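S.K.:
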Amino acid sequence: MVTDKYLSVVSQLRVVEDRVDEELTVVSLFTGAYGLDLGFELAGFRVTVALDISEDSYRNLKANRPKIPFLLGDIKRFSTADILKEAGLKPGEVDVVTGGPPCQPFSPAGKRQSLRDPRAAPLMDFIRVIKEARPKVFVMEEVPGILSARIKHVPIKERGKRPLTPEEEPGSAWRVVLEELEKTGYRIAWKVLNAADYGTPQVRERVIVIGVRPDLDKAPVFPEPTHSKEPVGLFRVLRTWLTLAEALAGIEDHIGYLPLPPKYAKFMKYVPPGGNWRQIPDELKPEAMNAAYRAGGGRMGFYRRLTWFEPSSTLVTSPAMKATMMVHPWEDRPLSVREYLRIQGFPDEWRVVVSIQSAYRLFGEAVPVPLAKAIARTVRDKVLGVTS
Numbered sequence: 279m280v281t282d283k284y285l286s287v288v289s290q291l292r293v294v295e296d297r298v299d300e301e302l303t304v305v306s307l308f309t310g311a312y313g314l315d316l317g318f319e320l321a322g323f324r325v326t327v328a329l330d331i332s333e334d335s336y337r338n339l340k341a342n343r344p345k346i347p348f349l350l351g352d353i354k355r356f357s358t359a360d361i362l363k364e365a366g367l368k369p370g371e372v373d374v375v376t377g378g379p380p381c382q383p384f385s386p387a388g389k390r391q392s393l394r395d396p397r398a399a400p401l402m403d404f405i406r407v408i409k410e411a412r413p414k415v416f417v418m419e420e421v422p423g424i425l426s427a428r429i430k431h432v433p434i435k436e437r438g439k440r441p442l443t444p445e446e447e448p449g450s451a452w453r454v455v456l457e458e459l460e461k462t463g464y465r466i467a468w469k470v471l472n473a474a475d476y477g478t479p480q481v482r483e484r485v486i487v488i489g490v491r492p493d494l495d496k497a498p499v500f501p502e503p504t505h506s507k508e509p510v511g512l513f514r515v516l517r518t519w520l521t522l523a524e525a526l527a528g529i530e531d532h533i534g535y536l537p538l539p540p541k542y543a544k545f546m547k548y549v550p551p552g553g554n555w556r557q558i559p560d561e562l563k564p565e566a567m568n569a570a571y572r573a574g575g576g577r578m579g580f581y582r583r584l585t586w587f588e589p590s591s592t593l594v595t596s597p598a599m600k601a602t603m604m605v606h607p608w609e610d611r612p613l614s615v616r617e618y619l620r621i622q623g624f625p626d627e628w629r630v631v632v633s634i635q636s637a638y639r640l641f642g643e644a645v646p647v648p649l650a651k652a653i654a655r656t657v658r659d660k661v662l663g664v665t666s
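When we follow our numbering, the leftmost residue of the sequence shown carries the number 279, and every step to the right adds one.
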């Protein structure tokens with residue numbers, strides 16, 4: 279196992295801030311835990327304003343970055359002029375707009391109605407701000423599930439029994455999203471990036487969309503991986519993925535965790551590091567799994583215990599629940615809040631002032647900071663032409 283001293287150095291390297299010769303600005307929409315924006319901050323950008331509907335987001339950011347103006351409320355309540363005023367900027371002056379709008383533009387009514395669906399409103403407001411603020415670049419983050427979402431839901435019992443309409447095809451919702459983004463006039467590109475490939479001790483895929491204002495005459499560019507599952511090249515050009523052991527060594531303040539319910543905890547003694555419900559004795563599985571015992575699918579999250587020697591699985595918002603467990607390799611408890619922050623790449627001095635359950639939700643949904651920093655550096659160097 280790697281020593282605590284070495285791991286302390288690794289942790290420090292993750293939060294070193296780049297210095298740049300000119301000011302680069304960020305407007306943060308759907309700020310959440312600030313993971314995406316902290317990556318930009320560490321790459322030399324200044325976050326000029328944050329916006330989120332969540333009071334947890336507001337309270338926790340203010341505890342760590344009290345000087346950043348924060349607009350608390352639904353984005354539809356704020357005009358682009360309001361946002362730019364708080365940022366101290368004018369249209370065209372913003373370097374980067376960041377955000378991960380909740381993106382569910384599908385409706386039984388079909389494509390035309392789908393963008394009027396309240397679930398699509400955050401996406402359309404994000405696009406509104408892009409069109410009116412005219413940043414040089416925007417960076418949007420989404421969960422991979424959006425790639426297979428349908429505009430019109432098809433009941434399971436009907437699937438495979440009749441031809442699907444274009445709006446019922448998997449991925450039809452994502453095509454609508456891209457069509458709307460392209461209407462901004464920006465040069466658009468998207469890619470699925472795995473945070474583990476960029477120095478995050480977690481396998482976590484995210485869809486990243488980068489848009490570049492056409493007058494910059496630059497194409498969107500994505501960061502090259504720095505890590506891989508196996509070392510690559512004679513001189514190990516790509517380092518191996520960071521492991522859970524490397525992420526968690528030396529933690530002194532766990533902040534807290536929610537204990538496993540006793541009715542679930544009693545089964546964890548059968549599950550070894552890297553295991554899950556399959557290692558529970560056969561005669562106990564029906565009791566442990568209840569209705570899920572006869573359900574289909576891999577059910578890999580049930581009674582999941584992590585292993586030291588691989589990256590963490592994708593963090594979840596409820597690590598003590600039976601179907602989404604994130605149990606410590608040695609101890610019969612979920613990962614602690616501080617362990618969540620370490621895995622997501624937040625520095626140890628990052629304060630948490632919300633409840634434990636709120637912290638799991640806030641940081642469990644965050645963009646990992648090392649991934650965000652890799653994206654920010656690439657935007658800075660390759661698109662904006664500013665080097666550190």
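Every residue, glycine too, gets a C-beta built ideally from N, C-alpha and C. No experiment lies behind these values; they were computed from the predicted model shown.
Within this structure, are the beta carbons of L613 and Y535 separated by less than 8 Å?
M.R.: Yes; because the gap between Cβ atoms is below 8 Å, this pair is in contact.
S.K.: How big is the Cα-Cα spacing for T592 and W452?
M.R.: When rounded, the distance between both Cα atoms is 22 Å.
S.K.: Taking all protein chains shown into account, decide if D330 is buried (16 or more other Cβ within 10 angstroms of its Cβ) or exposed.
M.R.: Label assigned to D330: buried.
S.K.: Could you pull the DSSP bridge partners for S590 from this structure?
M.R.: Answer by DSSP bridge pairing, in chain order: Q480.
S.K.: Within the continuous alpha helix (DSSP H) that includes G313, where are the two ends?
M.R.: It spans 313 to 320 - the alpha helix (DSSP H) in which G313 sits, taken as one unbroken run.
S.K.: Look at the alpha carbon of W628 and the alpha carbon of E410, and state the distance between them as a whole number of angstroms.
M.R.: The alpha-carbon atoms of W628 and E410 are separated by roughly 33 Å.
S.K.: Determine the burial state of F587: buried for a count of at least 16 other Cβ atoms within 10 Å of its Cβ, exposed for fewer.
M.R.: It counts as exposed.
S.K.: Ignoring anything shorter than 4 residues, give me the alpha helix (DSSP H) runs that lie fully in the segment 513 to 566, in order along the chain.
M.R.: Here the runs fully enclosed are 522 to 526, 540 to 543.
S.K.: I'd like the list of long-range same chain contacts for A525, defined as Cβ closer than 6 Å, with 5 residues on each side in sequence excluded.
M.R.: Correct list, in chain order: P479, R620, I621.
S.K.: Which residue wins for smallest C-alpha separation from G423, given the options F404, G313, C381?
M.R.: Comparing Cα positions, the closest option is C381.
S.K.: Let's see if you can read the secondary structure: which residues bound the alpha helix (DSSP H) around V647?
M.R.: Unbroken alpha helix (DSSP H) run through V647: 647 to 656.
S.K.: Would you kindly work out how many angstroms separate the C-alpha atoms of G322 and V294, rounded to a whole number?
M.R.: The straight-line gap from Cα to Cα measures roughly 10 Å.
S.K.: For the alpha helix (DSSP H) that contains G642, what are its first and last residues?
M.R.: Element bounds for G642: 634 to 642.
S.K.: Quickly, what does DSSP pair A365 with across the bridge? List them, please.
M.R.: Bridge partners of A365: none, in fact.
S.K.: What's the C-alpha gap between K389 and G552?
M.R.: Bear in mind that the predicted position of K389 carries a pLDDT of just 46, short of 50, making it unreliable; the figure below should be weighed with that in mind. The alpha-carbon atoms of K389 and G552 are separated by roughly 43 Å.
S.K.: DSSP three-state label for L662, please.
M.R.: The answer is coil: DSSP assigns L662 none of H, G, I, E or B.
S.K.: Return the CA-CA distance between P433 and T504, expressed in angstroms with no decimal places.
M.R.: Each residue's alpha carbon lies about 42 Å from the other.
S.K.: Between W608 and the rest of its own chain, which residues show a CB-CB distance below 8 Å, the 5 nearest in sequence each way excluded?
M.R.: Answer for W608: P551, listed in chain order.
S.K.: Using the Cα positions of A474 and K507, report the straight-line distance between them to the nearest angstrom.
M.R.: The straight-line gap from Cα to Cα measures roughly 8 Å.
S.K.: Find the nearest neighbour of D352 within the set K368, F308, K345, judged by alpha-carbon distance.
M.R.: Minimum Cα distance to D352 is reached at F308.
S.K.: Expressed to the nearest angstrom, what Euclidean distance is found between the alpha-carbon atoms of M599 and I634?
M.R.: Between M599 and I634, the C-alpha separation is close to 14 Å.
S.K.: May I have the straight-line CA-CA distance separating T326 from E333, to the nearest angstrom?
M.R.: C-alpha separation (whole angstroms): 19 Å.
S.K.: Does DSSP classify R406 as helix, strand or coil?
M.R.: DSSP places R406 in helix when its eight states are reduced to three.
S.K.: Identify, in the order they occur along the chain, each residue of the same chain with its Cβ nearer than 8 Å to the Cβ of R611, setting aside the five sequence neighbours on each side.
M.R.: Within the same chain, R611 has close Cβ partners Y535, P537, L538, V605.
S.K.: So, for D659: in the same chain, excluding its five sequence neighbours on each side, which residues have a beta-carbon less than 6 Å away from its beta-carbon?
M.R.: T665.
S.K.: What distance in whole Å lies between the Cβ atoms of V415 and V490, which are believed to be in contact at a cut-off of 8 Å?
M.R.: Contact flag correct, Cβ pair sits at about 6 Å.
S.K.: Which residue or residues does DSSP assign as beta-bridge partners of G310?
M.R.: According to DSSP, G310 bridges with nothing at all.
S.K.: When we look at the beta-carbon of P386 and count the other beta-carbons within 10 Å, is it buried (16 or more) or exposed?
M.R.: Low confidence applies here, because P386 scores a pLDDT of 40, under 50, leaving its location unreliable; read the following figure in that light. The residue in question, P386, is exposed, as its Cβ has fewer than 16 Cβ neighbours within 10 Å.
S.K.: Considering only the beta carbon of each residue, do D373 and T303 sit closer than 8 Å?
M.R.: Against a cut-off of 8 Å, the Cβ pair of T303 and D373 comes out as a contact.
S.K.: Report back the beta-carbon spacing between Y581 and V549 to the nearest angstrom; my notes put them in contact at under 8 Å.
M.R.: Correct: roughly 5 Å between the Cβ atoms.
S.K.: Residue range of the alpha helix (DSSP H) that I466 falls in?
M.R.: I466 -> not in any alpha helix (DSSP H); beta strand (DSSP E) instead, spanning 465 to 472.
S.K.: Put L442 into one of helix, strand or coil per three-state DSSP.
M.R.: Reduced to three states, the DSSP call for L442 is coil.
S.K.: Just to confirm, are G313 and A650 a CB contact at a threshold of 8 Å?
M.R.: Yes, these two residues count as a Cβ contact at 8 Å.
S.K.: Going by DSSP, which residues form a beta bridge with L329?
M.R.: L329 is bridged to L307, L349.
S.K.: Let me check one thing: in DSSP terms, what residues is E420 bridge-paired to?
M.R.: V485, per the DSSP bridge assignment.
S.K.: Can you name, in chain order, every residue of its own chain whose Cβ lies under 6 Å from the Cβ of E460, other than the five neighbours on each side?
M.R.: So the qualifying residues of the chain are I466.
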